[in-house]
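Worksheet: the structure to be examined is printed underneath.
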Amino acid sequence: MRWPAFRQLTGSDRHGLGAAAKSRRTRELTPRTATADSVIKSVCPYCAVGCGQNVYVQDGRVTQIKGDPDSPVSRGRLCPKGSASLQLTTGDARQYQVLYRRPGGRSWEHLDLDTAMDMIADRVIASRREGWQWEHQGKRTRRTMGFASLGGATLDNEENYLMKKLFTALGAIQIENQARI
Amino acid sequence: MSTAADVTAAGLDPAALAGYEGHPPRMGFFTDTSVCIGCKACEVACKEWNSVPEDGLQLTGMSYDNSVSLNASTWRHVAFIEQIGHGPPDATADGAHSVDGAVDAAQPDAPRWLMASDVCKHCTEAACLDVCPTGALIRTEFGTVVVQDDICNGCGYCVPACPFGVIGRRESDGGAHKCTLCYDRLGDGLTPACAKACPTESIQFGPVDELRERAQQRVSELHENGTDSARLYLQDPGDGIGGGGAFFLLLDEPEVYGLPPDPVVTTRDLPRMWRHVATAAGGLAATAVAACLGWRGSQR
Amino acid sequence: MAEAHPVGFQWVMEAKARGATLIHVDPRFSRTSAMADLHVPIRAGSDIAFLGGLVRYVLENERYFREYVLNYTNAPVILTEEFADTEDLNGVFSGLDRERRAYDFKTWRYQGEEGWADGADGIGPEELLQVRQAARGEVHGSGGAAAHPVPDTDPTLQHPRCVFQVLKRHFARYTPEMVAQVTGVPEHVFRQVAELITQNSGPDKTTAFVYSVGWTQHTVGVQYIRTAAILQSLLGNMGRPGGGIMALRGHASIQGSTDIPTLFDLLPGYLPMPHVHSNDDLDTYVAAEKTDKGFKANTREYLVSLLKAWWGEAATADSDFCYDYLPRLTGSHGTYDTVLEQINGNCRGYFLFGQNPAVGSANARMQRLGMANLDWLVVRDMVLIESATFWQNGPEIETGELRTEDIRTEVFFLPAAAHTEKNGSFTNTQRMLQWHHQAVEPAGDARSDLWFTYHLGSRIQAKLAASSDEMDEPVQQLTWDYPVAGPLDEPDAEAVLTEINGRDRRGRPLSSYTQLKSDGSTTCGCWIYCGARAGGVNQTARRKPGREQSWVAPEWGWAWPANRRILYNRASADPDGRPWSDRKALVWWDADKGKWTGHDVPDFIADRPPSYRPPDDARGVDAISGIDPFVMQSDGKAWLFAPAGLVDGPLPAHYEPQESPLSNPLYAQQHNPVRQILEHPEDRFEPSGSQPGSEVFPYVTTTYRLTEHHTAGGMSRFLPYLAELQPAMFCEVSPELAAERGLEHMGWATIVTARAAIEARVMVTRRMTPLSLDGRRIHQIGLPWHWGPNGYTTGDAANELAHMSLDPNVHIQEVKAMTCDIRPGRRPRGPELRDLVRQYQQRAGITGQTGTEL
Amino acid sequence: MSGRSPRDEEFSDMARYGPGEPRDSAEQVVASKVRPDSYYGRAVIKEPVWSSPEIPGYLFLGGLAGASSVLAACAQATGNRELARAAKTGATVAIGLSLAALVKDLGRPVRFLNMLRVFKVTSPMNIGSWLVSGYTPTAAVAAASALTGRMPRVGAAASGAAAVLGAGVATYTAALVTDTAVPAWHEGHREMPYLFAGSAASAAGGLGMLAVGQPAAAQAVRFAVLGSAAELTAKSLLLQRLGDVGQPYRSGLAGKLMETAEVLTAAGLTGAVLGGRNRAAAAVSGAALVTASALTRFGIFFAGRTSARDPAYTVAPQQQRLQEAAATGAG
């Protein structure tokens, strides 16, 4: 008989406070990390302490982000922001579509990524040319003041490297990031 | 009605009383608020793990506490109490604490900003568990108290029964909810989410009796180095709820943190309540009989 | 630190548990103060007076660590007679060109160097000024300003012109009484701090300093840190475990973004971007930038390897290794200069990579005005931040100054991948690189910035492939062929890291920057990161659990340079190479093995005995003596006196912030004379000190962060779990100020500066302490700066109030000390908002010149 | 009670004004180290989430039904079939409405059967559910048999059972309400059952007076009189024991409800006693008594809310208990 009251009479949980009253779902409870396909080593994206994070993945989705107990920096602990990493990376504030606003436009329009990349490449080349300076006050500068970039402190070293390499080759010098702010 | 069959020095063994033979040691929290830095990692880690919904964007002005209290959608709540500038007037003269000067923690009446992470107490004698009519609330084999969300019909009886005002009923789904001491994680030998995240180990998780010893050491250590305001709360199995599965080291009176100074589980008075109910029922019957005896109307 | 770096703060709690004393100096009683043994409320903007007072205290009471100071600092060095101190010139140093608002370093040198060329000779003052403005100070991020390797010294420290005596005279007037008058810290508290610090320093005890932007974001920010460096050097705390000065950086890889700098003035590895006046070709560049002594001497090897990595075969000896392909600087091109370039129409395009200047940069209004004048703007972010939507709901739309349809900026918003959706390394605040692995593929159009930059570069390269214009050669010949993989053609981050790490002639990864050659046989994207893939293994991905390692934990991740965890750790041993004390042993000389050893990778030449003294003609690394722990400095010593490298003074002096209620009690010179000021009608400054009109903005205000939010809020305001913890913008005021201005707890207040007015809820709290300065009551207002019009919780941005008066060395804005007015009630809406600001400007008599005087 | 009465304006206002900030001028530093006895004036325990009118209605109707069944059985036993029939019908209707109200108030009404999942003596609501589950069908059968006159023996047995169970139904709700942490309820757990029983009797009597005329109503009148007397006695004993903790019963909405109830009870009783044969007077008196009983339940319900909301009611008695324990060294 599955009826808990019956289990009370026959079992040791006379008052129905525990064993007898437990439902099947409760008995079969397991933490969602137990069924994760893999645990990926990562680092918290927020501040520069660099707390270790374990990212649990199941069916191609991140199901949990916890502190990494192995880390000598953080010993498995996280702050409120680090603990909110799952909501940061899977919350519904995130955008997944390219948005485009035409000059003077009142609202966003959609654009496929490929077209956007091409339009951006053209604009970089155009602005680069417009702002190109072989010289400045008689001295060779070989640079463009046509476009600028801001950002890098939340990015990986590899991303910063490609950005600096590309923009410097394009002659852009107005390249900055949060370290300045 | 909880029989005191096996009251050991460590107090009642709740899991045994709930019918678990050969159960694992009772697990719980010791929250040492003297090292709490009020970062609220516990609040977020708890909500993240248990998918507890956000419950309100309301600036309260209660120092940095905008979560207000434990409830159905806040299972960890960090309290903030500013005690600055309360020193006796003469204290301002010699600068032990001067309103416009520096403040030295060792001085008496030095300004303090108390921070404490509150949680369900998982009481040894749990009122919510006792009064729950459907058996949704149960004692687990770890001695913790958990709401079975698939059973609870939202009768709300546990809400006014809790002497700490922990459990609440959630408007959105009509069910009662509270800290489960991460019962799903416990089953797999994992540490609850809040204890795992806590940067300064203010929240310590472990077997309750081990934690009780650790708490005793910690409070005497604090007394030795002059923090004599430190005291333990709900650590004693002899208190009104048989000791808490989650207990605390506080730096001021419990009521300053919004905690009851001497909570007693209502179930202790239940036997007397049933006796009075029975008497009253009998009285009611007697009254009816008295009202009806010697009624002449039938001779007509 | 408990506020913005709580998990790092566990180590402070560990130290407290072992008996350490925690002192927290902060205008506001924060969560850190709650744990501190002593909280010292200080007037925002007066830290040099406080620290200077401590330096004086250490010198006057002879509490300095004599053997350390004598051997490891330039205290004994005798300065040139030409040098004149702020005590002689009432607040300025010798060499000030008042016309060009710049210092000439010539008079700050060591004695005997007068004739010695430091690479800046043969350049006119105007050009020299422009070189200075190119944030040359920042070049010394890893040390190496030029100075004479073997100067004259007086080991008895008595010579009137030796650095020790100059320093003593410089801070002589920073008495406890003066400190109280300038900072509001009572004398008895100052003495208590001084005693705690000096008692806890020396051979077997160390004091550590921890700071963040509370020090950097000032017009004298760099000099704040310099004062702490002087103090810590005098106390012998540098290079030792539990000592030093820890900077707590705010972003996951802000250290990484200065090492591999998306910054205008630097090439990877703190090599300066070439300047039009001093670096015409590779040889002049190397001559100007290298130092004769120390590891900076190998500048040529580092630069050639970089150029080789970028331009591959095209970079050969006869093409000067494509040095000419590098664009040149002509002055300051910082982000604030760029805003002016955008407003006056020169800068047409703008990329934003995970940064939100519309609310996150100083004078947020000018940021938006700049963006409104662009041709195109590309925003790469995870959420719709204000910088992407300013044209739709920006404050200027609300005040009617701008109409959406008039804003011609074409905006592309490209969703970014999260840290769990891409491979890569962050460099944390301890210079440690940690690899984060991709867990899942990004969804929809979300891409990593590696993907974006690589594919953008490929498209541009393709579009310019056929070009015959010389201008396009650097792009055509750029090595840009990284392997791509996965469904989204994601470039291989490991390959990029290998290029950064550097390869030898046969393409095998190098393991140390000492292997770099200047003949083009080695490539290296960033010389200080050489070793990150030593042996072809991604050292940054090492995850040996901390509990299975020593307390230094060298096998977790990789720290630059050479996995060294504590810089200058040679100083943790005495001149004979023995640890100063067993308790504080870190690195020592192992005579039997003939090499340095210890808990950390020694920051010294492995086999150089402590007894080694270089011959006079030794150059480069050979010139480092056995007692020169500061291997990056050109004289191997800790600089109490900085003969070069800083543009606003060899010694720190207290100057009032750009906007201050006080006149400078110490000198006639009110502000930092060479601070960088960006003059623009929208960037007005308030009168200061005794100037008429300064009473219109009587209150000091400072900005700071809350634990629950992250910088400009892009990664916290959009999250329900964080937004509900701090759901509204508020200001913190003392009960006394609340009573004075009629502010109600939880009511509204409007805060006004010469730039803007914002509204905030009022938090009346005794954690803000009014200060008594020389009989005056100074109130300070606290402003968290996380809010903006978008997100789950919205509010006004504190950066609206900020101005663009910058630190001259690193061009960072001064948002930690400003003056303002505060009044009850919400701010006006619509055009009346700008009227209110104009009213205030008129009442204070503000003109284009206010606050810009020297 | 400690010197300060919990309603002392200064105390709760000071706690609410701001973080420990006394109301007078900001600058004056309060002499003693002032420690508010609450966390920003917020409640220590949680207010009952039960809604009105459902739950007070359920308490009143449960009482009315139970007492009516008891009266009905006695009436029938003494031959007063007319009153018995009316009372049985009233009881069935009342318990039906009461059940509906209880289920409607559930957060998840579809799971109301879970009330019978376990048998827990520690839960008055669980025991009550079993009682009501037994009582409702028997009361219905008793009423059906009385109304249709069919199966009189079964009807009589059902009436007897209904009376026994009814007495429980009328009084278990007292244990339900007092077995909580709400001070105004819990501290009255000795008197509340009698108050509930008396109130139930008064209501049942009143219903009887409404439903039937004399002489059948005489038993109802006597029942009501005795019930009301018991109710008023129990209530005064309760308030006297509670002292300050009983303040919620004397103030605010609860206070008004309780006062009105008392007035109506008095009116009802005088009408019942003096009204004699006058049918209209009896009916009005009956109605007054029924209403009074309902208002009493609503009054007790709202008093519970107030008692839970103000931290002083929870904290002050506990502080005093600790001080006394410390004083006698028994602590």
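Chains as they are written, first to last, in the working numbering: chain G, 45 to 225; chain F, 1245 to 1544; chain C, 191 to 1044; chain V, 33 to 363. Beta carbons: idealized from backbone N, C-alpha and C, even for Gly. This one's a predicted model, so the numbers in the text were calculated from it and none came from an experiment.
Interface flag for R140/V against chain F is set, since a Cβ pair is found closer than 8 Å. From the beta-carbon of C1283/F, the residues of chain C found nearer than 9 Å are A192, E193, P196, V197, F199, R221, T897, E898. Residues of chain C whose Cβ lies closer than 8 Å to the Cβ of T77/G do not exist, since the nearest Cβ in that chain is about 13 Å away.
When secondary structure is reduced to three states using DSSP, P605/C falls in the strand class.
Shown here, W746/C sits in a strand according to DSSP, grouped into three states. A562/C places its beta carbon 8 Å or farther from that of V569/C. Rounded to the nearest whole angstrom, the C-alpha separation of G1502/F and K125/G is 27 Å. DSSP places T365/C outside both helix and strand once states are collapsed to three, so it counts as coil. Against A206/V, the close residues of chain F are M1517, H1520, V1521, A1524, in the order they occur along the chain (beta-carbon pairs closer than 8 Å). The Cβ atoms of I968/C and I1012/C do not sit closer than 8 Å to each other.
Along the length of the segment 300-330 of chain V, whole alpha helix (DSSP H) runs at least 4 residues long do not occur.
For E219/V, the closest alpha carbon among the candidates N1294/F, M1517/F, A1529/F is that of M1517/F. Scanning chain F for C-beta atoms nearer than 9 Å to the C-beta of C88/G yields nothing, as the closest lies near 11 Å away.
Judged by pairs of C-beta atoms under 8 Å, the segment 464-484 of chain C does not touch the segment 430-445 of chain C, as fewer than three such pairs exist. Taking each of A1034/C, Y258/C, L640/C in turn and checking the Cα distance to M428/C, the smallest one comes out for Y258/C.
Residues of the segment 150-162 of chain V that bring their beta carbon within less than 9 Å of a beta carbon in chain F comprise V150, K152, V153, T154, S155, P156, M157, N158, I159, G160, S161, in sequence order. Close to chain C, meaning a Cβ-Cβ distance shorter than 7 Å, are the following residues of the segment 128-141 of chain G: A128, Q131, L132, T133, G135, A137, R138, Q139, Y140, Q141. The beta carbons of T610/C and S86/G sit closer together than 8 Å. The beta carbon of P376/C sits closer than 7 Å to the beta carbons of A370 from its chain, once the five residues preceding and following it are set aside; these are given in chain order. Per DSSP, M1359/F is one residue of the beta strand (DSSP E) stretching across 1356-1363. A distance of 8 Å or more separates the beta carbons of A299/V and G307/V.
About 5 Å separates the Cβ atoms of V1005/C and A992/C, confirming a contact at the 8 Å cut-off. In this structure, I1328/F lies away from L1358/F, with their beta-carbon atoms at least 8 Å apart.
Taking a Cβ-Cβ cut-off of 7 Å, the neighbours of P917/C in chain F comprise L1301, Q1302, L1303, N1310, given in sequence order. Straight through space, the alpha carbons of R621/C and P681/C are spaced by roughly 25 Å.
By the rule that beta-carbons nearer than 8 Å mark a contact, H180/G touches chain C. Counted as a single uninterrupted DSSP element, the alpha helix (DSSP H) harbouring C1286/F occupies residues 1285-1294. Across the segment 689-704 of chain C, CB contacts with chain G closer than 7 Å involve I690, in sequence order along the chain. When beta bridges are read from the DSSP output, L519/C appears opposite H465/C. For P1407/F, there are no C-beta contacts with chain G under 7 Å, since the nearest C-beta of that chain is about 18 Å from it. Counting only residues of its own chain and dropping the five nearest sequence neighbours on each side, L103/V has a CB closer than 6 Å to the CB of A119, A236, F255. Using a CB distance cut-off of 8 Å, L912/C counts as an interface residue toward chain F. Contacts with chain F at 8 Å (Cβ-Cβ) do not include T417/C. DSSP, read as helix, strand or coil, puts K152/V in coil.
Contact between F511/C and D639/C does not hold, since their C-beta atoms are separated by about 28 Å, which reaches or exceeds 8 Å. Taking G374/C as the centre and dropping the five residues before and after it, the same chain places the C-beta of R233, L961, L963 closer than 6 Å to its C-beta, in chain order.
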